[in-house]
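Notes for the one structure printed next.
Residue numbers (this note's numbering): -17 to 230.
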C-alpha cells in the first residue's frame, strides 16, 4: 500500500458525485429538462441520455424473438469546453468534473452549487443514496514493465503459461462500512499502449445508503467528505509507492 498524500498531478480523468433522491409523487422525466434554464450560461449544451433495453421472448422450442428499445433516463448538460457535465434525472442528480481535474474542493463546490438549484426547482422529498466515483487513467512507463512494481495484487499468469499479458480486467465489490460499499474495476489492454506508455484504468466507486433531508447541505457535504476518504483508501491501497510517485 502506498502512503496516502495529496498529489500534484492526480491521474483523474473524471470525478463524479451522485445523489439519489425520492419524490413524494413520481415525476415525468421531461420535467427535469427545466434545470437547463438555471445553468444555461455555464452548461449550454443539452443531450438526452438513453438506456437500451433488449427483451428476448419465445415459447419452448421456438426461435426467440428479440426486441429492443431506447428509453430516455436523464438530461445531460455540458460546459462549452466539455470539462464539466450535469445529469438531471427523475431519481436524482449527478455532477462530473472531467480532465483537467482541478481538485476535490472545486469539484464538490460546483457540484453542490448545481445540486442546490436542482433541489430548489424540483423539491425532492429525501436523499436516499450518495456516491463518489473517480475514474483514473494511469500511464505506466513502457514499453516493458512488471505490473507487480505498480499494482498491489497484480494479475497472475500460471507458471506453465507464457508470462506476457496482452489484456486483463478485474473488478470487485467490498463492504467497507455500515451501508457503504466500494466498487473497483481495473483494466489494461496492450492495444492502447505506446512505445513509452502503458495505460491502466482504475475506476473506484464508493456508495452509501442514507436518509437525509435534501436541504441539509452540511450533512450531505460531510457524507461526501467521508466517501472521498474511503475512495482515497482504496486508491492508495491498490497502488505501490513506485506507482504513486508518478503523480508527484
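Backbone N, C-alpha and C fix where the C-beta goes; we use that ideal spot for every residue, glycine too.
Exercise for review: Out of 68, 122, 16, state which residue places its alpha-carbon closest to the alpha-carbon of residue -2.
Suggested key: Working through the chain shown from its first residue, we reach residue -2 at position 16. Per the Cα distances, 68.
Point to revise | Option in 90, 74, 103 with minimal Cα separation from residue 204 | key: Numbered from its first residue, the chain shown carries residue 204 at position 222. Minimum Cα distance to residue 204 is reached at 90.
Review point. Any idea if residue 50 is buried or exposed, counting beta-carbon neighbours within 10 angstroms, 16 or more meaning buried?
Key: Taking the chain shown and counting its residues from 1, one reaches residue 50 at position 68. At residue 50 the pLDDT is 49, less than 50, meaning the model places this residue with poor confidence; the figure from the coordinates comes in the next sentence. Exposed, because fewer than 16 other Cβ atoms sit within 10 Å of the Cβ of residue 50.
Exercise for review: Return the residue from the list 55, 141, 197 that minimises the CA-CA distance to residue 12.
Suggested key: For this step, residue 12 is matched to residue 30 along the chain shown. Checked all of 55, 141, 197; the closest Cα to residue 12 is 55.
Check your understanding: At which residue ranges does the segment 137 to 164 contain complete alpha helix (DSSP H) runs of 4 or more residues, listed in the order of the chain?
Key -> none
Point to revise | Neighbourhood of residue 62 by C-beta, 6 Å cutoff - its chain only, sequence neighbours within 5 removed | key: Along the chain shown, one-based indexing puts residue 62 at 80. Contacts found: 26.
Practice item. Provide the residue(s) that pair with residue 235 in DSSP beta bridges, ordered along the chain. Key: No statement about residue 235 is possible, as the shown extent of the chain runs from -17 to 230 and does not include it.
Practice item. Pull up the CB-CB distance for residue 196 and residue 119, whole angstroms please, since I reckon it's below 8 Å. Key: On the chain shown, position 214 is the one that residue 196 refers to. On the chain shown, position 137 is the one that residue 119 refers to. In fact, because the Cβ distance is near 33 Å, the residues do not count as touching under 8 Å.
Check your understanding: On the three-state DSSP scale, how would you describe residue 225?
Key -> Taking the first residue of the chain shown as position 1, residue 225 is located at position 243. It is helical.
**Study point:** Unbroken alpha helix (DSSP H) run spanning residue 200, endpoints
**Key:** Residue mapping note: residue 200 aligns to position 218 of the chain shown, counting from 1. Element bounds for residue 200: 199 to 220.
Check your understanding: In the DSSP assignment, what are the bridge partners of residue 57?
Key -> Against the chain shown, residue 57 aligns to sequence position 75. According to DSSP, residue 57 bridges with 30, 70.
Exercise for review: Can you give me the Cβ contacts of residue 212 inside the same chain, cut-off strictly under 8 Å, excluding the 5 residues immediately before and after it?
Suggested key: Looking up residue 212 in the chain shown gives position 230. Hits under 8 Å: 158, 159, 162, 164, 188.
Point to revise | Per DSSP, cross-strand counterpart(s) of residue 166 | key: In the chain shown, counting from the first residue as 1, residue 166 sits at position 184. DSSP lists 154, 186 as partners of residue 166.
Point to revise | Residue from 152, -4, 66 with nearest C-alpha to residue 92 | key: Translated into positions along the chain shown, residue 92 becomes position 110. It is 66 whose Cα lies nearest to the Cα of residue 92.
Review point. Buried or exposed: which applies to residue 126, given that a residue is buried once 16 or more other Cβ atoms fall within 10 Å of its Cβ?
Key: Taking the chain shown and counting its residues from 1, the one referred to as residue 126 is at position 144. Exposed.
Review point. Between the beta-carbon of residue 222 and the beta-carbon of residue -16, is there less than 8 Å?
Key: Translated into the one-based positions of the chain shown, residue 222 becomes position 240. Translated into the one-based positions of the chain shown, residue -16 becomes position 2. Yes, Cβ-Cβ distance for residue 222 and residue -16 is below 8 Å.
Review point. Between which two residues does the alpha helix (DSSP H) carrying residue 99 extend?
Key: Start at 1 with the first residue of the chain shown, and residue 99 comes out as number 117. 86 to 104 is the span of the alpha helix (DSSP H), which, as asked, contains residue 99.
Practice item. Assign residue 233 to one of three DSSP states: helix, strand, or coil. Key: With the chain covering -17 to 230 only, the question about residue 233 has no answer from this structure.
Exercise for review: Could you please give me the residues that DSSP links to residue 118 through a beta bridge?
Suggested key: By 1-based counting over the chain shown, the position of residue 118 is 136. Per DSSP, -6, 184.
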